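One structure is given here, and the rest of the page talks about it.
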Amino acid sequence: MADPALIVVQSADFNVSDEIARLTAGRTDIGGIGSFIGVVRGTAGGRPITAMTLEHYPGMTERALSRIADQAITRFDLQGVTLIHRVGALAPGDNIVLVLACAPHRKAALDGTAFLIDWLKTRAPFWKKERFADGTEAWVDAREADDAAARLWGDLA
Amino acid sequence: MADPALIVVQSADFNVSDEIARLTAGRTDIGGIGSFIGVVRGTAGGRPITAMTLEHYPGMTERALSRIADQAITRFDLQGVTLIHRVGALAPGDNIVLVLACAPHRKAALDGTAFLIDWLKTRAPFWKKERFADGTEAWVDAREADDAAARLWGDLA
Amino acid sequence: MKLLYFAWLRERVGHGEESVALPVGITTVAELITWLRGRSPGHDMAFAHGRLVRCAVNEDFATPDTVITDRDEVAFFPPVTGG
Amino acid sequence: MKLLYFAWLRERVGHGEESVALPVGITTVAELITWLRGRSPGHDMAFAHGRLVRCAVNEDFATPDTVITDRDEVAFFPPVTGG
Numbered sequence: 009m010a011d012p013a014l015i016v017v018q019s020a021d022f023n024v025s026d027e028i029a030r031l032t033a034g035r036t037d038i039g040g041i042g043s044f045i046g047v048v049r050g051t052a053g054g055r056p057i058t059a060m061t062l063e064h065y066p067g068m069t070e071r072a073l074s075r076i077a078d079q080a081i082t083r084f085d086l087q088g089v090t091l092i093h094r095v096g097a098l099a100p101g102d103n104i105v106l107v108l109a110c111a112p113h114r115k116a117a118l119d120g121t122a123f124l125i126d127w128l129k130t131r132a133p134f135w136k137k138e139r140f141a142d143g144t145e146a147w148v149d150a151r152e153a154d155d156a157a158a159r160l161w162g163d164l165a
Numbered sequence: 009m010a011d012p013a014l015i016v017v018q019s020a021d022f023n024v025s026d027e028i029a030r031l032t033a034g035r036t037d038i039g040g041i042g043s044f045i046g047v048v049r050g051t052a053g054g055r056p057i058t059a060m061t062l063e064h065y066p067g068m069t070e071r072a073l074s075r076i077a078d079q080a081i082t083r084f085d086l087q088g089v090t091l092i093h094r095v096g097a098l099a100p101g102d103n104i105v106l107v108l109a110c111a112p113h114r115k116a117a118l119d120g121t122a123f124l125i126d127w128l129k130t131r132a133p134f135w136k137k138e139r140f141a142d143g144t145e146a147w148v149d150a151r152e153a154d155d156a157a158a159r160l161w162g163d164l165a
Numbered sequence: 008m009k010l011l012y013f014a015w016l017r018e019r020v021g022h023g024e025e026s027v028a029l030p031v032g033i034t035t036v037a038e039l040i041t042w043l044r045g046r047s048p049g050h051d052m053a054f055a056h057g058r059l060v061r062c063a064v065n066e067d068f069a070t071p072d073t074v075i076t077d078r079d080e081v082a083f084f085p086p087v088t089g090g
Numbered sequence: 008m009k010l011l012y013f014a015w016l017r018e019r020v021g022h023g024e025e026s027v028a029l030p031v032g033i034t035t036v037a038e039l040i041t042w043l044r045g046r047s048p049g050h051d052m053a054f055a056h057g058r059l060v061r062c063a064v065n066e067d068f069a070t071p072d073t074v075i076t077d078r079d080e081v082a083f084f085p086p087v088t089g090g
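Residue numbers (the numbering used here), protein chains in the order written: chain P, 9 to 165; chain L, 9 to 165; chain A, 8 to 90; chain F, 8 to 90.
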């Protein structure tokens with residue numbers, strides 16, 4: 009089996025249709041494609057934000073994302089996975105992350121998608137800094153809810 | 009609140025990026041977009057298929073899809089829903105259905121997406137007929153697994 | 008009364024739509040099915056496996072004891088398989 | 008040994024990367040942190056809230072008792088917030 013995970017960390021935006029076409033090109037064994045797109049919201053804690061900066065740990069990021077993708081492929085018998093995460097300067101409404109998971113049936117595709125984003129949020133070394141409308145900046149705090157969501161899937165090897 | 013569900017039954021294909029853009033245009037309150045795309049597989053029960061025909065009950069289809077979308081919006085507090093289902097003649101690899109659900113956070117978006125496709129599969133009046141490579145045709149049997157998946161969400165009002 | 012048939016029920020009946028005058032005394036979906044089975048061998052075959060037949064009255068899912076009138080649109084079809 | 012700092016740890020230390028010679032006797036992540044806190048007020052402030060500091064050794068998540076050597080790349084950062 010060829011490596012079925014495409015892992016990309018980039019500052020540029022992504023096109024969802026293009027990524028789906030790349031993931032499924034020439035195949036007729038796929039029955040369902042699950043997807044999640046994370047987007048920069050215009051407020052944080054009720055305060056308007058004007059910009060978000062995404063920092064990451066090059067090298068470890070790709071390693072962590074590949075491991076998460078491999079786990080998902082094995083666990084849900086996925087036919088393919090795409091993980092694209094943006095870094096650098098983003099604005100409200102901008103895309104942050106794209107998760108795609110395809111499988112013969114919808115349950116595996118949707119469960120795989122949820123597993124991938126839950127684990128990415130707790131195990132991939134990205135950090136967000138928000139700039140507020142009043143000019144102040146703050147690093148986003150990790151959410152306990154994210155750890156809890158990831159733990160529901162059990163331990164990651 | 010304006011009606012946040014877009015319901016379309018059409019023979020033409022859809023473009024996922026265009027539909028996401030339409031759903032999220034001008035908004036900065038969306039944090040996550042969940043999506044599911046159902047695709048025609050090239051085999052059924054291990055036998056190659058050459059074509060699939062989708063029949064539906066015009067009028068009732070839109071009514072059923074609107075009801076399912078309204079339920080999902082209320083239950084998961086979704087900011088918007090898109091349901092596009094194709095009808096007519098399709099080939100292996102063709103898109104069948106697109107589900108989009110957006111929300112401030114990922115759990116609602118992903119749970120809403122799963123709810124929508126589970127209920128669509130058991131409550132929306134579509135029927136699939138498969139044409140096999142040997143020229144025979146057969147209506148697809150409803151899967152008991154689909155009813156079970158929908159029941160997990162409890163009763164639909 | 009307007010009757011609609013879909014998928015293999017349509018194929019067995021031989022057409023997708025027909026208008027009938029509802030006989031006096033027939034007030035439920037179950038009674039309508041029993042009466043329709045006498046209309047033609049195709050109708051009889053369409054309803055032979057009653058467990059696999061679903062019904063909608065005026066575009067809402069119905070059950071065998073759903074009450075019907077001569078002004079209703081009643082549709083018969085197999086369990087749905089979209090998505 | 009190569010040390011990396013990310014997010015607010017980088018801002019408090021004052022730089023994102025530094026090379027240090029690992030003193031004899033320091034063999035775990037916990038011992039390294041204790042020693043690093045003495046390097047500058049910025050280092051001390053960066054590690055002041057130990058509960059919020061995560062560590063990776065050679066790009067894998069590590070714990071306070073993970074063993075380190077002078078050839079390792081050790082990174083310190085807050086809990087991750089991507090996605």
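Cβ coordinates follow ideal geometry from the N, Cα and C atoms, glycine included.
All values reported here derive from a predicted model rather than from experimental measurement.
**Study point:** Distance between beta carbons of Val-48(L) and Gly-101(L), contact taken as under 8 Å
**Key:** As a position in the second sequence, residue 101(L) is number 93, starting the count at 1. As a position in the second sequence, residue 48(L) is number 40, starting the count at 1. Right, the Cβ-Cβ distance comes to about 6 Å (below 8 Å), so this counts as a contact.
Exercise for review: Give the interface partners of Phe-134(L) over in chain A, defined as CB-CB distance under 8 Å, in chain order.
Suggested key: Working through the second sequence from its first residue, we reach residue 134(L) at position 126. Under the 8 Å cutoff, chain A gives Val-87, Thr-88, Gly-89, Gly-90.
**Study point:** For Arg-46(F), the three-state DSSP class (helix, strand or coil)
**Key:** Taking the fourth sequence and counting its residues from 1, the one referred to as residue 46(F) is at position 39. Coil, per DSSP.
Practice item. Go ahead and pull the three-state DSSP assignment for Ser-74(L). Key: Within the second sequence, the letter at position 66 stands for residue 74(L). In the structure shown, Ser-74(L) sits in a helix (DSSP, three-state: H, G or I).
Review point. Just checking my contact of Gly-42(L) with Leu-118(L) at CB under 8 Å: how many whole Å lie between their CB atoms?
Key: As a first step, residue 42(L) must be located in the second sequence, where it is residue number 34. As a first step, residue 118(L) must be located in the second sequence, where it is residue number 110. Yes, they are in contact, since the Cβ atoms of Gly-42(L) and Leu-118(L) sit about 4 Å apart, within 8 Å.
Practice item. Report the neighbours of Glu-66(A) on chain L: residues whose CB is nearer than 7 Å to its CB, in chain order. Key: On the third sequence, residue 66(A) is found 59 positions in, with the first residue counted as 1. The contacting residues are Gly-67, Met-68, Arg-71.
Check your understanding: Terminal residues of the continuous beta strand (DSSP E) containing Ile-15(L)?
Key -> Taking the first residue of the second sequence as position 1, residue 15(L) is located at position 7. Its beta strand (DSSP E) spans residues 13 to 18.
Exercise for review: Report the rounded CA-to-CA distance for Ala-80(P) versus Leu-86(P), giving the unit in angstroms.
Suggested key: Against the first sequence, residue 80(P) aligns to sequence position 72. Against the first sequence, residue 86(P) aligns to sequence position 78. Roughly 7 Å separates the two Cα atoms.
Exercise for review: Evaluate the contact criterion for the stretch 51 to 70 of chain A versus the stretch 12 to 27 of chain F: three or more CB pairs, one atom per stretch, below 8 Å.
Suggested key: no
**Study point:** Of the listed residues Ile-92(P), Met-60(P), His-64(P), nearest to Lys-137(P) (C-alpha basis)
**Key:** Numbered from 1 along the first sequence, position 129 holds the residue referred to as residue 137(P). Considering only alpha carbons, the answer is Met-60(P).
Point to revise | Reduced DSSP secondary structure (H/G/I, E/B, other) of Gly-90(A) | key: Position 83 of the third sequence, counting from 1, holds the residue named residue 90(A). Gly-90(A): coil per DSSP, three-state reduction.
Review point. What are the boundary residues of the alpha helix (DSSP H) that includes Ile-125(P)?
Key: Residue mapping note: residue 125(P) aligns to position 117 of the first sequence, counting from 1. Looking at the DSSP string, the run of the alpha helix (DSSP H) that includes Ile-125(P) is 114 to 131.
Exercise for review: Using a Cβ cut-off of 7 Å, pull out every chain L residue sitting near Pro-100(P), in sequence order please.
Suggested key: Sequence index remark: in the first sequence, residue 100(P) carries index 92 (1-based). Chain L residues near Pro-100(P): Thr-36.
Check your understanding: So, is the C-beta of Ala-158(P) closer than 9 Å to a C-beta in chain L?
Key -> On the first sequence, position 150 is the one that residue 158(P) refers to. It does not; no Cβ of chain L falls within 9 Å.
Practice item. May I have the straight-line CA-CA distance separating His-22(F) from Phe-84(F), to the nearest angstrom? Key: In the fourth sequence, the residue the question calls residue 22(F) occupies position 15. In the fourth sequence, the residue the question calls residue 84(F) occupies position 77. When rounded, the distance between both Cα atoms is 13 Å.
Check your understanding: What does Pro-112(P) reach in chain L if we use C-beta pairs closer than 9 Å?
Key -> Taking the first residue of the first sequence as 1, we reach residue 112(P) at position 104. By Cβ distance, chain L contributes Arg-49.
Exercise for review: Please confirm if Ala-53(F) has its CB atom under 9 Å from at least one CB of chain P.
Suggested key: Walking along the fourth sequence from the start, residue 53(F) turns up at place 46. Judged by the 9 Å Cβ criterion, Ala-53(F) is not in contact with chain P.
**Study point:** Cα-Cα separation, Gly-28(L) to Leu-98(P)
**Key:** If you number the second sequence from 1, residue 28(L) lands on position 20. If you number the first sequence from 1, residue 98(P) lands on position 90. The question names Gly, yet the displayed sequence has Ile at residue 28(L). Cα-Cα distance, rounded: 19 Å.
Exercise for review: Since I believe Leu-29(F) is in contact with Asp-77(F) (beta carbons under 8 Å), could you give me their beta-carbon distance rounded to a whole number of angstroms?
Suggested key: For this step, residue 77(F) is matched to residue 70 along the fourth sequence. For this step, residue 29(F) is matched to residue 22 along the fourth sequence. 4 Å between Cβ atoms; contact.
Review point. In or out: Ala-55(F) buried (at least 16 other Cβ within 10 Å) or exposed?
Key: What you label residue 55(F) is simply residue 48 of the fourth sequence in a count that begins at 1. It is exposed - the Cβ of Ala-55(F) has fewer than 16 other Cβ atoms within 10 Å.
Check your understanding: From this set, Gly-50(L), Ala-72(L), Ile-45(L), which residue's C-alpha is nearest Ala-13(L)'s C-alpha?
Key -> Taking the first residue of the second sequence as 1, we reach residue 13(L) at position 5. Closest option to Ala-13(L), Cα to Cα, is Ala-72(L).
Check your understanding: If you count every other CB in all the chains shown that lies within 10 Å of the CB of Arg-55(P), and 16 or more means buried, which is it?
Key -> For this step, residue 55(P) is matched to residue 47 along the first sequence. When all chains shown are included, Arg-55(P) counts as exposed.
Point to revise | chain P contact residues for Ala-63(F), given Cβ-Cβ distances below 8 Å | key: Here residue 63(F) is taken as the residue at index 56 of the fourth sequence, counted from 1. Result: Tyr-65, Met-68, Pro-133.
Review point. Is it buried or exposed for Thr-88(A), if we count other Cβ within 10 angstroms and need 16 for buried?
Key: Counting from 1 along the third sequence, the entry for residue 88(A) is found at position 81. Flag for Thr-88(A) reads buried.
Point to revise | Gly-54(L) - DSSP class collapsed to helix/strand/coil | key: For the purposes of this step, residue 54(L) is taken as residue 46 along the second sequence, with counting starting at 1. Coil, per DSSP.
Review point. If you draw a straight line from the alpha carbon of Gly-46(L) to that of Val-89(P), how long is it in whole angstroms?
Key: As a position in the second sequence, residue 46(L) is number 38, starting the count at 1. As a position in the first sequence, residue 89(P) is number 81, starting the count at 1. Roughly 16 Å between the two C-alpha positions.
Review point. Listing by chain order, which chain L residues have their CB less than 8 Å from the CB of Leu-11(A)?
Key: Working through the third sequence from its first residue, we reach residue 11(A) at position 4. Per Cβ cutoff of 8 Å: Tyr-65.
Exercise for review: State buried or exposed for Ala-10(P), treating a residue as buried only when at least 16 other CB atoms are found within 10 Å of its CB.
Suggested key: Within the first sequence, the letter at position 2 stands for residue 10(P). No answer about Ala-10(P) holds up, because its pLDDT of 46 lies below 50 and its placement is not dependable.
Review point. For Glu-63(L), which residues of its own chain have a beta-carbon under 6 Å away from its beta-carbon, when the five flanking residues on both sides are left out?
Key: What you label residue 63(L) is simply residue 55 of the second sequence in a count that begins at 1. Cβ neighbours of Glu-63(L) beyond the five flanking positions: Trp-135.
Review point. Any C-beta of chain L sitting closer than 9 Å to the C-beta of Phe-140(P)?
Key: Residue 140(P) sits at position 132 when you count from the first residue of the first sequence. It does not: the Cβ of Phe-140(P) has no partner Cβ on chain L nearer than 9 Å.
Review point. Closest by CA to Ile-76(L), which one among Ala-132(L), Arg-114(L), Gly-96(L)?
Key: Here the question's residue 76(L) lines up with position 68 in the second sequence. Answer by Cα proximity: Ala-132(L).
Point to revise | Neighbourhood of Phe-140(P) by C-beta, 8 Å cutoff - its chain only, sequence neighbours within 5 removed | key: Position 132 of the first sequence, counted from the first residue, corresponds to residue 140(P). Excluding positions up to five away in sequence, the list reads Ala-52, Arg-55, Pro-56, Ile-57, Thr-58, Ala-146.
Practice item. Starting from the Cα of Glu-70(L), find the closest Cα among Leu-91(L), Phe-84(L), Thr-82(L), Arg-83(L) and give me that residue. Key: The residue you call residue 70(L) lines up with position 62 of the second sequence. Checked all of Leu-91(L), Phe-84(L), Thr-82(L), Arg-83(L); the closest Cα to Glu-70(L) is Leu-91(L).
Review point. My guess is that Val-81(F) and Gly-49(F) are in contact by the Cβ rule of under 8 Å, so how many angstroms apart are they, rounded?
Key: Here residue 81(F) is taken as the residue at index 74 of the fourth sequence, counted from 1. Here residue 49(F) is taken as the residue at index 42 of the fourth sequence, counted from 1. Rounded, the Cβ-Cβ distance is 17 Å, inconsistent with contact.
Check your understanding: Would Gly-120(P) be called buried (16 or more neighbouring beta carbons within 10 Å of its own) or exposed?
Key -> Here residue 120(P) corresponds to residue number 112 of the first sequence, with the count starting at 1. The residue is buried, with at least 16 neighbouring Cβ atoms inside 10 Å.
Check your understanding: Does the Cβ of Thr-82(L) have 16 or more other Cβ atoms within 10 Å, making it buried, or fewer, making it exposed?
Key -> Looking up residue 82(L) in the second sequence gives position 74. Exposed is the call here.
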